[in-house]
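Below: the structure, in structure tokens.
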Amino acid sequence: MTTRFFGAPVKRNEDRKLLTGQALFIDDVELPGMLHAAFLRSQVAHARIKRIDVSRARAVAGVVAVYTADDFGAYWHPGPLLVMPPPIAGIVFNARTQVPLARDKVRHVGEPLAIVIAESRYIAEDALDDILVDLEELPAAVDLEAALQEDAATVHDDLGSNVASHVRQTKGGDYRGAAARAALVLKRRFRYEHGISSPIETRGVVAQWNARGGQMTIWDTTQAPVFIRNGLAAMLGLGERQVRVIAPFVGGGFGPKIMMFYPEEVTLPWISMRLNRPIKWIEDRLEHFFATTHERGQIHDAEIALDGNGRILGIKDVFLHDTGAYNPYGLTVPINSQCTLLGPYVVPAYDSTFTSVFTNLPIVTPYRGAGRQHGVFVIERLLDLAARELKIDPAEIRRRNLIPPDAFPYEQEIIYQDFHPLSYDSGNYEPVLDKALAAIGYKEFLAHEQPKLRAEGRCVGIGMACYVEGTGIGPYEGAKVQVQANGKVSVVTGIGTQGQGHFTSFAQIVADQLGVDVTDVDIVTGDTDQFYWGAGTFASRGAVVAGNAISAAAQAVRQKALKLAADSFECAEEDLVVADGKVSITGIPEKFIRLGELAQRANPMRGAVKPGTEPGLESTQYFGPPSSSTANGVHAAIVEVDPETFDLKILKYVVVHDCGTVINPMILEGQIHGGVAQGIGNAFYEKLAFDDQGQLLNASLADYLLPTALEVPRMVLDHTVTPSPLNPLGIKGAGEAGAIPVGPVIAQAIENSLELNGKTIELLEIPLSPSRLFELTRDGGA
Amino acid sequence: MQPEQHEIELIVNGTSYRRAVEGRLLLSDFLRHDLLLAGTHVGCEHGVCGACTVLLDGAPVRSCLMLAVQANGHELATVEGLAANDELHPIQKAMHQHHGLQCGYCTPGILMTMTAFLGENPEPSEDGVREALSGNLCRCTGYQNIVDAMLDAAKAMKTAAP
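In order, the protein sequences belong to chains A and B. The opening position of the first sequence corresponds to residue 11 in the working numbering, with each subsequent residue numbered one higher. The opening position of the second sequence corresponds to residue -3 in the working numbering, with each subsequent residue numbered one higher.
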């Protein structure tokens, strides 16, 4: 097999459709007789529902039906717990999952109370104003620490407190002993708020019940169509074969589109069966701020113990995690924080405890990074502060603590989000650090440029941070690769796609195996009628898990093609070449059979076949990694802060990373660019501003500031390759890497930029902003 | 009570349309759901994200901030009209070459904004491109490849121009 495509920056197959406006997104689904849904959502965060009167709304011309929770009868049921708590000794976990429509109580602003179904979206939204709701407002649990006080309002009354979970994990020796031996013990409180993913396409659902055929078709902006199909079939009392879920082109996901059984996903199909008409719901941007899940914040009280050379002896961390009003996604986010805090470093003793807290705020589920940011911020900031205290260069203190290359697989003992003891499969960290420092010009900047700039009165600083990311988790994905009679290759897989370039990277894997052009490989993702099994696109796993399944299926098809051709030519398979869409005899290019011809022969119309023959030139294969593969990287930045306005300008941004074998470096770079942009938004611009009653004060894109082309700098990227031993292609995931370490990089660089005249400040929180920097420098030591 | 309908007549991508619409119908909804020109995307419905940008008599406008009746008698251009037959517009080609799109949802608005911008600024600087692009939000790409695509497209358009 020659590799012409794998590893090359192949231009994307999917671009043409997207560039010409021909790609099908959810709101482009138009069906005859389609109705439109609008949801009445709670405007308060916490209240008892006394009465909902929909009679006036039902009478509005063009309104077909109005539903409240009671109308759903036995169908009304809290959603499933999507991720069970991992097997950790002594764990406390109270599952409370979201409901289709609020009944008895509302627990966050935006929780749906009623649904209007009408002939147009305009009429449906108008009729929401004709629903009378009588709520008895309750005090809201918003602040994490206050929510744990005895007198706090309880989000779930039956629990008696707002503790959603409590988990302690330890690694290695005992922390207290380490601290007693330490030359330096540093303790700080850190606050890290992650924001909302805010894809430019909001969520949407279209449900179409075909009563004659007994078939339910659901178009859904989901990252996990197979689970949606299975879940909805069970809820609706249908067989899985009666339900088809299609995730069409999806306009960005970043995590929250995998939250399953959102109220809109559950209610629309049921209503479509009752009304026997298709129904569409498209989330508007205001709804998106409440109805789609967030990630939000944690408060860490963290302590690090080091010897006099800056080597870590131990870390102790106690943190609170905001899970919002429900916790359907289990412990994924705080477990990621807990595990990722260990970073690429040797930490001989680790003692980490978290309490996940119910609040009267929208639900928290993973958003790109999925809690890893929080952990990385804590360890990286601790190292920065320790470096300052011990008078060691920040890059040097990191270097001294890196896990050495001969220590892999490196066992971290504590349980990761995939339920396995955390183990780093492979890595070589120091070259990544070296490359990043060289690319940013670390020594040169500190020795020459910065003093010069400071002399001019400019506040310019440098920051860098390391991170690891557990990627490509199980359970599994599958794919069917099929050569068609026209010689084109069809690949179908169960995961959804939201812009990751799967139509191209997957095609590259197949093209080399089958000797066809990338443009002759047609990829279908996210249609449960095309491929039946799968888990979904999350945790930087698409390329790792589906990619390897596709590779295995393509190899099997290649073997079939060789066998068929060898039989036909009466030669050995070793004497054949697969290239240019045909199988030919080595050295005799005129002796060939086209793949399409072989596909036709593999499905004979008459005659007998040999026992065990499977028709078609096709194969279905599955792949499940034994555990996650660990990618790593270093980001570095030079920033300038305006000392009067505290406006931030990023002058240079460097990312060096190692995600194992690379399928398409162009697509990979795009993923890194986008991740860094989201990280910059998180670090400096995006803040969900709630008041003490759980009202979001900036629920518009004019007030919640996504970075624009003016805020995101040009980036310099480089990479190293340490293949993963856990999958045949050696791939590690890369989808989240760009977003993870930006917070500590920016915080360190800003601190460094403001270190004028020996004044120091400590930035222990994210997001920062000009106004927050002003407050911190005024209140702090600066 | 039936809402009052208004007769409007307009040209979209060179084709004349005559329709009766409600006064409150947004131009974005009219294009997408009445004319089935669904390439124009809606991202925020409050004029910030720029995904719904179309050209009104050659100038970029947010179609979510306009009513269909306001477009009466005007000439519109949407993403569907950018490619001439099968030949992609230089801006579309450059976006493909530079990997300027990922999920592609914001792309139509960016293409329309930048078509107008490059038409008026045939030799833009990177800062100029970034400024022009800053009214269009993209959550996937980090903008760098879009900026490079536009700088490249400007060159290609200049070469192609007589």
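Even glycine gets a Cβ: it sits at the ideal position worked out from N, Cα and C.
Runs of the beta strand (DSSP E) spanning 3 or more residues and lying entirely within the region 15 to 91 of chain A occur at 45 to 51, 57 to 63, 73 to 78, in chain order. For Asn132(B), there is no enclosing alpha helix (DSSP H), since its DSSP letter is neither H nor E.
As the crow flies, the alpha-carbon of Ile127(A) is around 10 Å from that of Leu138(A). Within chain B, no residue has its beta carbon less than 8 Å from that of Met269(A); the closest one is some 17 Å off. In this structure Ala90(B) is not in contact with Asn9(B), their Cβ atoms being roughly 21 Å apart against a cut-off of 8 Å. When C-beta distances to chain A are compared with 8 Å, the residues of the region 87 to 98 of chain B below that value are Gln88, Met91, His92, Gln93, His95, Leu97, Gln98, in chain order. When beta bridges are read from the DSSP output, Met725(A) appears opposite Tyr663(A).
Rounded to the nearest angstrom, the Cβ distance from Ala47(A) to Ala156(A) is 36 Å, too far for a contact under 8 Å. For the set Val731(A), Val593(A), Arg201(A), the Cα lying nearest the Cα of Asn438(A) is the one of Val731(A). By the CB criterion at 8 Å, Tyr101(B) and Ile210(A) fall inside the cutoff. Between the alpha carbons of Gly622(A) and Met226(A) lies a distance of about 36 Å.
Taken through DSSP and simplified to helix, strand or coil, Cys476(A) comes out as strand. Annotation for Ser515(A): no beta strand (DSSP E) segment contains it, though the alpha helix (DSSP H) segment containing it runs 512 to 524.
Within the region 353 to 416 of chain A, the complete alpha helix (DSSP H) runs of at least 4 residues fall at 382 to 400, 404 to 411. Sorting Gly124(B), Arg20(B), Gly138(B) by C-alpha distance to the C-alpha of Leu147(B) places Gly124(B) at the top. Look at Leu32(B) here: in three-state DSSP terms it is coil, with no helix or strand label.
Of all residues in the region 511 to 532 of chain A, those with a C-beta nearer than 8 Å to a C-beta of chain B are Gly511, reading in chain order. In this structure the region 373 to 391 of chain A touches the region 198 to 215 of chain A; the number of beta carbon pairs closer than 8 Å is three or more. Straight across, the Cα-Cα distance linking Thr535(A) with Leu28(A) is about 16 Å. Put simply, the backbone Cα of Gly46(B) is about 11 Å away from that of Ala128(B).
At the C-beta level, Asn172(A) and Val528(A) stay beyond 8 Å of one another. DSSP lists Arg306(A) as the beta-bridge partner residues of His204(A).
Counted as a single uninterrupted DSSP element, the alpha helix (DSSP H) harbouring Ile677(A) occupies residues 675 to 690. Ranked by how close their Cα comes to the Cα of Phe200(A), the residues Gly120(A), Thr232(A), Leu351(A) have Leu351(A) in first place. CA-CA distance, Gly617(A) to Gly626(A), rounds to 15 Å.
Gly557(A) and Gly685(A) have their C-alpha atoms roughly 21 Å apart.
Secondary structure in the region 197 to 254 of chain A: the beta strand (DSSP E) runs of 3 residues or longer, each lying completely within the stretch, are 214 to 220, 225 to 230 in chain order.
With respect to chain A, the C-beta atom of Tyr13(B) has no partner C-beta closer than 8 Å. Excluding its 5 nearest sequence neighbours in each direction, Ala189(A) has C-beta neighbours in its own chain below 8 Å: Val195, Glu313, Ala315, Leu323, Gly324, Lys326, listed in chain order.
Under DSSP, the beta-bridge partners assigned to Trp291(A) are Val215(A). In the three-state scheme derived from DSSP, where H, G and I count as helix and E and B as strand, Cys102(B) is classed as coil. Identification of residues in the region 195 to 211 of chain A having a C-beta nearer than 8 Å to some C-beta of chain B yields Ser207, Ser208, Pro209, Ile210, Glu211, given in sequence order. Burial is judged here by how many other beta carbons sit within 10 angstroms of a residue's own beta carbon; Ile345(A) has at least 16 and is buried.
Here Gln179(A) is bridged, per DSSP, to Ser362(A). In the DSSP assignment, Gly120(A) falls outside any alpha helix (DSSP H), carrying neither H nor E. For Gly39(B), same chain residues with a beta-carbon under 6 Å away, outside a window of 5 residues either side, are Cys45, Ala47 in chain order.
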